[in-house]
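For reference, the structure discussed in these notes is given below.
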Amino acid sequence: MTTFADLGLSPKVLDAVEAAGYTIPTPIQAGAIPHALQRKDVLGIAQTGTGKTASFVLPMLTLLEQGRARARMPRTLILEPTRELAAQVEENFVKYGKNHRLNVALLIGGVSFDDQLRKLERGADVLIATPGRLLDHFERGKLLLTGVDILVIDEADRMLDMGFIPDIERICKLIPFTRQTLFFSATMPPEITKLTEQFLHAPVRVEVAKAATTAKTVEQQLVKSGKKDWEKRAKLRDLIRAEEDGLKNAIIFCNRKKDVSELFRSLVKHEFDAGALHGDMDQRARTTMLANFKDGKLKILVASDVAARGLDIPDVSHVFNFDVPIHSEDYVHRIGRTGRAGRSGKAFTLVTPSDVKHLASIEKLIGEDINWYDGDLTTLPVSEETDEAPRRGRNARGKSESKRKPRNEGRERERPQSEIDIIAAAERAKETGEQPVIEEKPARKTAEKPQKAAIKAENEQRRARPAAPQEQPRRERDRDHRRDRGDNEPSPVGFGDEIPAFMLIDTKI
Ligand code: AMP
1 MTTFADLGLS PKVLDAVEAA GYTIPTPIQA GAIPHALQRK DVLGIAQTGT
51 GKTASFVLPM LTLLEQGRAR ARMPRTLILE PTRELAAQVE ENFVKYGKNH
101 RLNVALLIGG VSFDDQLRKL ERGADVLIAT PGRLLDHFER GKLLLTGVDI
151 LVIDEADRML DMGFIPDIER ICKLIPFTRQ TLFFSATMPP EITKLTEQFL
201 HAPVRVEVAK AATTAKTVEQ QLVKSGKKDW EKRAKLRDLI RAEEDGLKNA
251 IIFCNRKKDV SELFRSLVKH EFDAGALHGD MDQRARTTML ANFKDGKLKI
301 LVASDVAARG LDIPDVSHVF NFDVPIHSED YVHRIGRTGR AGRSGKAFTL
351 VTPSDVKHLA SIEKLIGEDI NWYDGDLTTL PVSEETDEAP RRGRNARGKS
401 ESKRKPRNEG RERERPQSEI DIIAAAERAK ETGEQPVIEE KPARKTAEKP
451 QKAAIKAENE QRRARPAAPQ EQPRRERDRD HRRDRGDNEP SPVGFGDEIP
501 AFMLIDTKI
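full-length UniProt numbering applies: residue 1 is where the sequence shown begins, and numbers increase by one.
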């Protein structure tokens, strides 16, 4: 069996690895480290939890033993999609670099520029950065990338999700062509393949697990739920209580930041030991929350995908998906928070009737059907009322008012996908402190039917109203415009007398 000593790492690094308690390299470490030490480009296809961080940190430490850093010219650069991941990589340098005197600088959003500048001035051996903050420093002329010998691009598929690929391309072009590049991604969508073709030179490909496999140590279950938020919260509470015996700690994932806050408040109100992690929190609050969860001072962490992506929290016993993730890959990442390092874990996903489509694509991706906890959706009973129900649509006699309501009233508006994308992009920007890249999609046309009487009344009012002085220039412009068109008729107001027929249809209010 391969040991760390077989990989070609320096004695200082081997000593630190031993002190960390590791003896056997994980497959990505055994596969990538020898090639990285030979200064080859590496394309590592591996998820978090596979030991991938050490697979680039350890060879980098060995290679950095030769040479010295110069002011503003970092020797190596590691790009991470989120601040938390960047901070985690820094922790790895502290752990494995305990025998080295290296200067490690972290450039992430949400932290003062000045401290970061001081570190750069001193000369960084290792620069760990999120793309936007790195480019900010570069544009201010505080940073030269021409001294970078080793470039690491980590979690590339996440960078793609977050709209960072243009930034990555730009950064790659600022670094000398002769650099060594270590590139990691959990999945290889076409955009990422293109990027590797463009920027890696004859890379050694190391693939440790199929891109979309879920750990065999995770027991996955689907839990049917009504679609209202209070129904989902009640179901979740029941589930947590039912699991109490084996539940050491849990992460609950929500699709939206707003729901993270709401669910967190609701759980605390119901006396659960819960905290929240999302992009609206400032960096210090996020770091404290995460530290408390890691140290076991907090049992339940409610989180958004971006905030929790890739976090190394060993030994989480349970994952709950409050929402079925919209992107199937997120399911794999979410449930990958449990069942790590061979331990067993449980993952529960609340499923409402409208989630069936997303669920189907998850099951297709992971190549298996997930079991239902207590019957599938076809046996979904009429929602049971809970303690939260009376505030929502019950009358004095305790009867539900919902039936008497018009169809859409009181129902949560479902967001169109484009809106979710924009919210997600804005959330990502907050979480990383960087500019969002939002693909603009044309707004869908909605045919609003104004009331006939209201239109007529408005037209009459406008006709009766003398032109306000400030309207004069506009009318002149209109006149000029008409002249251009050879049209000398007075311009109608509103629709004039030609109200379209569809607007004259009587509408019941
Ligand atoms: P990563 O995939 O880098 O997020 O690492 C996941 C976890 O595996 C971290 O807690 C590491 O400390 C741990 N780890 C890294 N290398 C090894 C190893 N060779 N043996 C056991 N655990 C490891």
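For each residue, glycine too, the CB sits at the ideal point set by N, CA and C.
Give the DSSP bridge partners of Trp-372, in chain order. On the sequence shown, residue 372 is found 372 positions in, with the first residue counted as 1. Answer by DSSP bridge pairing, in chain order: Leu-222.
| request: Rank Val-42, Lys-52, Gly-339, Pro-353 by C-alpha distance to the C-alpha of Arg-179 and give the top, closest one. | output: Here residue 179 corresponds to residue number 179 of the sequence shown, with the count starting at 1. It is Val-42 whose Cα lies nearest to the Cα of Arg-179.
- Using 8 angstroms as the threshold, is the segment 56-63 in touch with the segment 137-152, meaning 3 or more CB pairs across them? Remark: three or more beta-carbon pairs, one from each stretch, lie closer than 8 angstroms, so the segment 56-63 and the segment 137-152 are flagged as touching.
Handout entry: Straight-line gap, Gln-283 to Ile-78 (C-alpha atoms, nearest Å)
Key = For the purposes of this step, residue 283 is taken as residue 283 along the sequence shown, with counting starting at 1. For the purposes of this step, residue 78 is taken as residue 78 along the sequence shown, with counting starting at 1. Going from the Cα of Gln-283 to the Cα of Ile-78 covers about 20 angstroms.
Checklist entry - CB Val-319 to CB Gly-279, shorter than 8 angstroms? => result Reading the sequence shown from its first residue, position 319 is the one you call residue 319. Reading the sequence shown from its first residue, position 279 is the one you call residue 279. Not in contact: Val-319 and Gly-279 (Cβ atoms no closer than 8 angstroms).
Note to self: Pairs of beta-carbons, one from the segment 270-278 and one from the segment 64-78, closer than 8 angstroms: are there three or more?
What the structure shows: Contact between the segment 270-278 and the segment 64-78 is absent, because fewer than three Cβ pairs lie under 8 angstroms.
Between Leu-117, Trp-230, Ser-328, Ile-171, which has its C-alpha nearest Pro-131's C-alpha?
Looking up residue 131 in the sequence shown gives position 131. Comparing Cα positions, the closest option is Ile-171.
Query - Where residue 519 falls: helix, strand or coil (DSSP) - result: In the structure displayed, the chain extends from 1 to 509; residue 519 sits before or after that span and is not available.
- Message: What does the Cβ neighbour count give for Pro-325, buried or exposed, with the cut at 16 atoms within 10 Å?
- Response: Translated into positions along the sequence shown, residue 325 becomes position 325. Looking at its Cβ environment, which holds 16 or more other Cβ atoms inside 10 Å, Pro-325 is buried.
For this session: With a 10 Å radius around its C-beta and 16 neighbouring C-beta atoms as the bar for buried, classify Arg-241 as buried or exposed.
Result: The residue given as residue 241 occupies position 241 in the sequence shown. Per the 10 Å Cβ criterion, exposed.
Checklist entry - Taking the alpha-carbon positions, what's the Leu-106 to Glu-90 distance? => result The residue you call residue 106 lines up with position 106 of the sequence shown. The residue you call residue 90 lines up with position 90 of the sequence shown. The alpha-carbon of Leu-106 is positioned some 7 angstroms away from that of Glu-90.
**Message:** Can you give me the C-alpha to C-alpha distance between Lys-98 and Leu-7, rounded to a whole angstrom?
**Reply:** In the sequence shown, residue 98 corresponds to position 98, counting from 1. In the sequence shown, residue 7 corresponds to position 7, counting from 1. Their backbone Cα atoms lie some 19 angstroms apart in a straight line.
Notebook entry, point to check: Taking 7 angstroms as the cut-off, does the CB of Gln-38 come closer than this to any heavy atom belonging to the ligand FAD?
Noted result: No copy of the ligand FAD occurs in the structure displayed; its ligands are the ligand AMP alone.
| Would you report the Cα separation of Leu-14 and Gln-116, rounded to the nearest angstrom? | Counted from its first residue, the sequence shown places residue 14 at position 14. Counted from its first residue, the sequence shown places residue 116 at position 116. Roughly 30 angstroms separates the two Cα atoms.
Open item on the list: Applying the 10 Å Cβ sphere with the 16-neighbour rule, what's the burial state of Ser-354?
Closed with: Taking the first residue of the sequence shown as position 1, residue 354 is located at position 354. Looking at its Cβ environment, which holds fewer than 16 other Cβ atoms inside 10 Å, Ser-354 is exposed.
Any chance the segment 42-51 sits against the segment 179-194, with 3 or more Cβ pairs inside 8 angstroms?
Yes, they touch.
**Prompt:** Once you ignore the five residues that flank Ala-5 on each side, which residues in its own chain have a CB closer than 8 angstroms to its CB?
**Reply:** Mapped onto the sequence shown, residue 5 falls at position 5. So the qualifying residues of the chain are Leu-14.
Margin query: Check this for me: beta carbons of Leu-222 and Ile-28, under 8 angstroms apart or not?
Written below: As a working mapping, residue 222 is identified with position 222 in the sequence shown. As a working mapping, residue 28 is identified with position 28 in the sequence shown. No. Outside cutoff.
With a floor of 3 residues, list each beta strand (DSSP E) that falls wholly inside the segment 55-108, ordered by position along the chain. 76-79, 104-107
Q. Buried or exposed: Thr-3, going by 16 or more other Cβ atoms within 10 Å of its Cβ?
A. Taking the first residue of the sequence shown as 1, we reach residue 3 at position 3. Exposed.
Problem set entry | Whole-angstrom C-beta distance between Ile-128 and Glu-84, which should lie under 8 angstroms | Translated into the one-based positions of the sequence shown, residue 84 becomes position 84. Translated into the one-based positions of the sequence shown, residue 128 becomes position 128. That belief does not hold up - the Cβ atoms of Glu-84 and Ile-128 are roughly 12 angstroms apart, past 8 angstroms.
task = Using a threshold of 8 angstroms, state whether the C-beta atoms of Ala-303 and Phe-348 are closer than that.
result = Position 303 of the sequence shown, counted from the first residue, corresponds to residue 303. Position 348 of the sequence shown, counted from the first residue, corresponds to residue 348. Taking 8 angstroms as the Cβ cut-off, Ala-303 and Phe-348 do not qualify as a contacting pair.
Residue ranges of each beta strand (DSSP E) within the segment 106-140, 3 or longer: For the segment 106-140, whole beta strand (DSSP E) runs of length 3 or above, ordered along the chain, are 126-129.
*Excluding sequence positions up to five away, which residues of its chain have a Cβ less than 6 angstroms from the Cβ of Asp-330?*
Locating residue 330 in the sequence shown gives position 330, counting from the first residue. Excluding residues within five positions, the ones whose Cβ falls inside 6 angstroms are Asp-305.
Beta carbon of Asp-161 nearer than 8 angstroms to that of Ala-186:
Position 161 of the sequence shown, counted from the start, is the residue given in the question as residue 161. Position 186 of the sequence shown, counted from the start, is the residue given in the question as residue 186. Going by C-beta atoms, Asp-161 is not nearer than 8 angstroms to Ala-186.
(message) Rounded to whole angstroms, what is the Cα-Cα separation between Ala-87 and Val-94?
(response) Looking up residue 87 in the sequence shown gives position 87. Looking up residue 94 in the sequence shown gives position 94. Their Cα atoms are separated by approximately 11 angstroms.
The ligand AMP and Ala-291: does the residue's C-beta get closer than 7 angstroms to at least one heavy atom of that ligand?
Sequence index remark: in the sequence shown, residue 291 carries index 291 (1-based). No, Cβ of Ala-291 sits at least 7 angstroms from all heavy atoms of the ligand AMP.
Exercise. By Cβ distance, which residues of its chain are closer than 6 angstroms to Phe-264, with the 5 residues on each side in sequence left out?
Worked result: Taking the sequence shown and counting its residues from 1, one reaches residue 264 at position 264. Contacts found: Ala-274, Ala-276, Val-302.
*With distances taken between CB atoms, is the gap from Leu-247 to Phe-322 smaller than 8 angstroms?*
Position 247 of the sequence shown holds residue 247. Position 322 of the sequence shown holds residue 322. Taking 8 angstroms as the Cβ cut-off, Leu-247 and Phe-322 do not qualify as a contacting pair.
If we call anything under 8 angstroms between Cβ atoms a contact, is Ile-33 one with Ser-10?
-> Your numbering for residue 33 matches position 33 in the sequence shown. Your numbering for residue 10 matches position 10 in the sequence shown. No, the Cβ-Cβ distance between Ile-33 and Ser-10 is not below 8 angstroms.
Exercise. With distances taken between CB atoms, is the gap from Ala-71 to Asp-125 smaller than 8 angstroms?
Worked result: As a working note, residue 71 is residue 71 in the sequence shown. As a working note, residue 125 is residue 125 in the sequence shown. Not in contact: Ala-71 and Asp-125 (Cβ atoms no closer than 8 angstroms).
Put Asn-321 into one of helix, strand or coil per three-state DSSP.
Along the sequence shown, one-based indexing puts residue 321 at 321. DSSP places Asn-321 in strand when its eight states are reduced to three.
To the nearest angstrom, report how far apart Lys-232 and His-358 are at their CA atoms. Sequence index remark: in the sequence shown, residue 232 carries index 232 (1-based). Sequence index remark: in the sequence shown, residue 358 carries index 358 (1-based). For Lys-232 and His-358, the distance between alpha carbons rounds to 17 angstroms.
*Host alpha helix (DSSP H) of Glu-207 (start-end)*: Working through the sequence shown from its first residue, we reach residue 207 at position 207. Taken as a continuous stretch (DSSP letters only), Glu-207 belongs to no alpha helix (DSSP H), being part of the beta strand (DSSP E) at 204-207.
Practice task
Output the boundary residues of the beta strand (DSSP E) element that contains Val-351.
Solution key: Within the sequence shown, residue 351 is the residue found at index 351, counting from 1. Per DSSP, Val-351 belongs to the beta strand (DSSP E) from 345-351.
> Helix or strand or just coil, what does DSSP make of Phe-264?
Replying inline: Position 264 of the sequence shown, counting from 1, holds the residue named residue 264. Here Phe-264 sits in helix by DSSP.
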